[in-house]
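Chemist:
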Amino acid sequence: MRVDIVTIFPEAFTPLEISMIGRARERGLLQITIWDLRDFTTDRHRQVDDAPYGGGAGMVMKPEPFFAAVDAIRAAAGAEPSHVILTSPQGARLTHALAEEMAGTRHLVLLCGHYEGIDERVREGLATDEISIGDYVLTGGELPAMVIVDAVARFVPGVVGDAASVEADSFAQGLLDHSHYTRPPEFRGMKVPEVLLSGNHEAIRRWRRAQRLRRTLERRPDLLKHEALSEEDRRLLDAADLDID
Ligand code: 4HQ
Numbered sequence: 620m621r622v623d624i625v626t627i628f629p630e631a632f633t634p635l636e637i638s639m640i641g642r643a644r645e646r647g648l649l650q651i652t653i654w655d656l657r658d659f660t661t662d663r664h665r666q667v668d669d670a671p672y673g674g675g676a677g678m679v680m681k682p683e684p685f686f687a688a689v690d691a692i693r694a695a696a697g698a699e700p701s702h703v704i705l706t707s708p709q710g711a712r713l714t715h716a717l718a719e720e721m722a723g724t725r726h727l728v729l730l731c732g733h734y735e736g737i738d739e740r741v742r743e744g745l746a747t748d749e750i751s752i753g754d755y756v757l758t759g760g761e762l763p764a765m766v767i768v769d770a771v772a773r774f775v776p777g778v779v780g781d782a783a784s785v786e787a788d789s790f791a792q793g794l795l796d797h798s799h800y801t802r803p804p805e806f807r808g809m810k811v812p813e814v815l816l817s818g819n820h821e822a823i824r825r826w827r828r829a830q831r832l833r834r835t836l837e838r839r840p841d842l843l844k845h846e847a848l849s850e851e852d853r854r855l856l857d858a859a860d861l862d863i864d
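Under my numbering, the first residue of the sequence shown carries the number 620, and numbering increases by one thereafter.
1. Note down, in chain order, each residue of its chain lying with its Cβ closer than 7 angstroms to the Cβ of Arg839, except the 5 sequence neighbours on either side.
2. Return yes when the C-beta of His845 is under 6 angstroms from any heavy atom of the ligand 4HQ, and no when it is not.
3. Evaluate contact between the region 661-671 and the region 710-724, counting only Cβ atoms and requiring at least three cross-stretch pairs below 8 angstroms.
4. Taking C-beta to C-beta, are Val625 and Trp654 nearer than 7 angstroms?
5. Can the beta-carbon of Ala764 be found closer than 7 angstroms to that of Leu729?
6. If you measure from each CB to the nearest heavy atom of the ligand 4HQ and keep those under 6 angstroms, what residues do you get, in chain order?
7. Taking C-beta to C-beta, are Leu848 and Ala829 nearer than 7 angstroms?
8. Using CA coordinates, which residue listed in His820, Glu786, Thr633 and Leu635 is at the minimum distance from His715?
9. In whole angstroms, give me the CA-to-CA distance for Pro776 and His702.
10. Thinking Pro671 and Glu735 are a contact (beta carbons under 8 angstroms), I'd like their distance in whole angstroms, please.
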């Protein structure tokens with residue numbers, strides 16, 4: 620998969636050089652290129668922003684450098700990108716499902732904004748998607764771009780070593796995760812639940828499933844699709860003394 624990121628802060632993207640994403644790039648599973656928006660300006664001051672028409676506080680990012688950058692990306696890729704993404708609080712919320720959908724495509728372009736915002740013509744004439752990573756305001760689009768790349772990359776085959784862990788993750792089955800323990804069996808008076816030491820794989824599976832169901836019901840009832848619950852799930856929830864209806 621190819622990812623191109625357009626930004627006025629190319630140096631902000633060192634997190635994509637380490638850990639799983641860094642390794643995926645080294646192995647050629649992900650081809651990520653960072654483009655400096657200022658390289659696509661034509662004036663002496665390499666200006667990327669200007670005062671807003673109509674007045675008001677702050678500056679607005681000019682449209683021309685973004686269009687020129689995406690033209691260069693198209694030329695370099697030799698094809699139309701699958702998604703040209705603008706990050707903003709006005710966008711559709713990034714979800715597990717959206718990340719998985721984007722991972723099934725060949726080429727993402729991410730445009731990072733700054734200042735009060737980006738000229739509306741970038742949205743109209745260039746962006747195919749507007750995505751928000753949550754209901755809060757950030758100072759720039761670099762962190763959202765990295766969040767999107769990280770969430771999408773996990774679905775690219777081979778990026779996460781153990782494919783089973785991607786399928787077992789929170790949200791993959793519409794449920795939050797169960798708890799995890801490792802040695803020692805007792806730490807500062809806190810014990811690992813007996814069942815996990817039992818070697819009884821069926822009992823462990825049931826315990827984990829019940830915990831995921833209970834946690835989801837308690838913390839994120841919005842995630843629970845009642846029709847997706849099996850007979851066993853209903854019994855596990857009943858046994859946990861929680862009612863789903
Ligand atoms: N931004 N989810 C970039 C965000 C944001 C978000 C505010 C985007 C600032 C310049 N982006 N502008 N939340 O807060 O995606």
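Cβ coordinates follow ideal geometry from the N, Cα and C atoms, glycine included.
Modeler: Quick look at the numbers:
1. Counting only Cβ-Cβ distances below 7 angstroms, and skipping sequence neighbours, we find Leu795.
2. No, the ligand 4HQ has no heavy atom inside 6 angstroms of this Cβ.
3. The answer is no - the region 710-724 does not touch the region 661-671, with fewer than three Cβ pairs under 8 angstroms.
4. Cβ distance < 7 angstroms, so Val625 and Trp654 count as in contact.
5. Going by C-beta atoms, Ala764 is nearer than 7 angstroms to Leu729.
6. My final list is Thr706, Ser707, Pro708, Gly732, His733, Ser751, Ile752, Gly753, Tyr755, Val756, Leu757, Gly759, Gly760 and Pro763.
7. Taking 7 angstroms as the cut-off, the beta carbon of Leu848 is found no closer than this to the beta carbon of Ala829.
8. For His715, the closest of His820, Glu786, Thr633 and Leu635 by C-alpha to C-alpha distance is Glu786.
9. Cα to Cα, the separation comes out at about 19 angstroms.
10. So it is a contact: roughly 7 angstroms between Cβ atoms.
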